[in-house]
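Colleague:
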Amino acid sequence: MKIRSITSSEKQRTRTISMSCQQITASVHHQLAENNTWDIPRDHIGTSELLNAYDPIDSSDLQYLAVLTHKLSVVNYQRKLWNVYLKCGTCLFSERKELQGYQQETTTRTLCIWPFPVTSMIIAQHYNDIIHENEITYDIYVDFIKKNLFQLDTKATLYKYEFNATKHRIETGSDKLTHKIDDFVQKNHQVTAVRLHFEARMELAEYVYLDQVLQFKFFQEKPNEQQIKLAQSICALQLQKEKSEQELILFKFGILYKKLPDSLNALEETPSTLITSITNSQQRERLSNNYMRIIQRAKADLMMALTQATEIKTQEHQTNFDTFMAQLWNDQRHLPQQERLSTTMLLLIDDRQKNILKCVKHIYALKPSFFSRV
């Protein structure tokens with residue numbers, strides 16, 4: 009498993025997910041004008057108190073605080089991700105029990121495993137004139153990551169300085185106001201999507217790291233070609249089986265209805281001009297309603313068919329896995345002792361399967377939240 013690099017499109021993505029200044033200002037002032045509490049818990053100050061304490065508030069200051077809050081949030085997520093990359097390469101994971109058991113055996117520089125995004129970025133940027141992966145040393149990896157972390161730390165410091173300077177221009181009780189701005193920004197759907205994106209990448213980096221460690225340990229057992237193929241087949245079938253099971257869960261709970269395949273999205277829900285151009289309002293409304301019911305019913309029927317197809321594929325994948333494993337154990341019993349998968353090999357294969365299952369389940373557990381936010 010490999011993680012794709014994110015830095016090549018990082019700036020474009022940040023522009024895409026950033027809330028516009030006009031939207032932020034309009035939303036904040038609308039909340040003030042409507043005299044509500046921005047959905048803040050009751051122990052926070054109300055809007056009427058805000059109006060009394062901060063009137064008048066420079067809209068540009070309010071706008072800038074919200075923008076800086078958003079930028080700082082994104083930078084903090086980026087810093088966390090790069091710290092995970094550094095932990096992968098320097099074997100400094102201490103949070104996950106699965107990783108602790110293998111760290112003592114992978115602490116030397118020659119055994120450290122660096123995430124693929126870091127490798128691809130070093131090559132893409134020709135860092136230290138490097139054009140091939142085998143030219144990248146341990147020290148170059150560490151130096152590259154630390155330089156990126158330094159740049160992000162500098163950005164964060166700048167944003168914090170500008171935030172505090174702007175906040176000080178607002179008089180009494182500015183801490184409470186900025187807390188409300190932070191809460192408002194964090195509740196924005198786009199910010200939530202950014203958080204989910206980075207959290208997923210951090211978790212995935214750890215799963216991939218452990219997967220690579222387990223593969224490395226397996227090859228240390230000096231397996232023959234047949235044993236390597238068996239290990240690859242077991243893990244591939246396990247991955248296929250788990251993915252189909254998770255897809256089926258999403259279909260059954262209707263999570264994928266908003267993310268329909270292109271074949272379903274091709275069905276236009278807006279009535280055609282042939283209907284909307286009818287002069288008689290009663291006939292136009294009747295035909296429009298009929299049209300919508302037919303389209304929605306067609307989509308529901310197609311989703312049902314896809315759900316049934318996914319269920320069948322899930323059963324097939326389970327059968328394939330069970331059949332393969334039954335045949336494997338039968339074959340192992342008839343092989344000479346030296347050609348069988350050793351106990352250590354079997355344990356490593358089992359650990360890798362468990363890691364694959366956890367990784368797939370984690371990814372699919374994020375999908376409902378992500379689909380509802382984007």
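Numbering (my numbering), first residue to last: 9 to 382.
Heads up, the beta-carbon is just placed ideally off N, CA and C, and yes, glycines get one too.
For Leu-204 and Asp-219, I'd like the C-alpha separation in whole angstroms.
Modeller: Cα to Cα, Leu-204 sits roughly 22 Å from Asp-219.
Colleague: For the alpha helix (DSSP H) containing Phe-158, list its first residue and its last residue.
Modeller: Per DSSP, Phe-158 belongs to the alpha helix (DSSP H) from 146–176.
Colleague: If we ignore side chains and look at the alpha-carbon of each, how far apart do Met-312 and Gln-234 end up?
Modeller: Each residue's Cα considered, the two are about 42 Å apart.
Colleague: Near Gln-387, which residues of its chain fall below 7 Å by C-beta distance, leaving aside the five closest residues on each side in sequence?
Modeller: Summary: the structure shown does not reach residue 387, with the chain confined to residues 9 through 382, and so no result is reported for it.
Colleague: How is Pro-344 classed by DSSP in three states: helix, strand or coil?
Modeller: Reduced to three states, the DSSP call for Pro-344 is coil.
Colleague: So, does the stretch 208–223 touch the stretch 329–342, judging by three or more C-beta pairs under 8 Å?
Modeller: With the cut-off at 8 Å, the stretch 208–223 and the stretch 329–342 do not touch.
Colleague: Buried or exposed, going by whether 16 or more other CB atoms sit within 10 Å of the CB of Asn-363?
Modeller: Buried.
Colleague: As an exercise, report each continuous alpha helix (DSSP H) stretch of at least 4 residues that is fully enclosed by the stretch 208–263, in chain order.
Modeller: Here the runs fully enclosed are 233–260.
Colleague: Using the Cα positions of Ile-130 and Thr-165, report the straight-line distance between them to the nearest angstrom.
Modeller: Spanning the two alpha carbons is a distance of roughly 25 Å.
Colleague: Report the three-state DSSP secondary structure of Ile-139 (helix, strand or coil).
Modeller: Note: Ile-139 maps to coil in three-state DSSP.
Colleague: Just checking, does the stretch 357–373 make contact with the stretch 242–258 on the three C-beta pairs under 8 Å criterion?
Modeller: Counting Cβ pairs under 8 Å, three or more are found: they touch.
Colleague: Of all the options Trp-90, Lys-195, Ala-213 and Arg-292, which has the alpha carbon lying nearest to the alpha carbon of Val-368?
Modeller: Selected option, being the one with the closest Cα: Ala-213.
Colleague: For Leu-245 versus Phe-171, is the C-beta distance shorter than 8 Å?
Modeller: No.
Colleague: To the nearest angstrom, how far is the alpha carbon of Val-202 from that of Arg-209?
Modeller: Straight-line Cα distance between these residues: approximately 11 Å.
Colleague: Excluding the 5 residues flanking Ser-252 on each side, which residues of the same chain have their C-beta closer than 6 Å to its C-beta?
Modeller: Same-chain partners within the cutoff: Lys-321, Thr-322 and His-325.
Colleague: Quick one: residues in its chain with C-beta nearer than 6 Å to the C-beta of Glu-293, no 5 flanking neighbours on either side, listed in chain order?
Modeller: So no residue of the chain qualifies.
Colleague: To the nearest angstrom, report how far apart Lys-168 and Leu-185 are at their CA atoms.
Modeller: Between Lys-168 and Leu-185, the C-alpha separation is close to 16 Å.
Colleague: Whose CA, out of Phe-192, Leu-157, Ile-121 and Ile-138, lies closest to the CA of Gln-71?
Modeller: Nearest of Phe-192, Leu-157, Ile-121 and Ile-138 to Gln-71, Cα basis: Phe-192.
Colleague: Specify, as a first and last residue, the run of the alpha helix (DSSP H) that Ile-130 falls within.
Modeller: Ile-130 -> alpha helix (DSSP H) spans 124–132.
Colleague: When the Cα of Leu-160 is compared with those of Gln-291, Gln-345, Val-82 and Thr-278, which residue comes out closest?
Modeller: It is Val-82.
Colleague: Got a sec? Which residues, its chain only, sit under 7 Å from Asp-69 by beta carbon, not counting five neighbours each side?
Modeller: Taken in chain order, the residues that qualify are Thr-174, Arg-177 and Ile-178.
Colleague: Roughly how many angstroms separate the alpha carbons of Val-75 and Asp-190, rounded to a whole number?
Modeller: Going by the C-alpha atoms only, they are around 10 Å apart.
Colleague: Can you tell me the Cβ-Cβ gap for Tyr-93 and Ile-153, rounded? I've got them flagged as a contact below 8 Å.
Modeller: Confirmed, about 6 Å.
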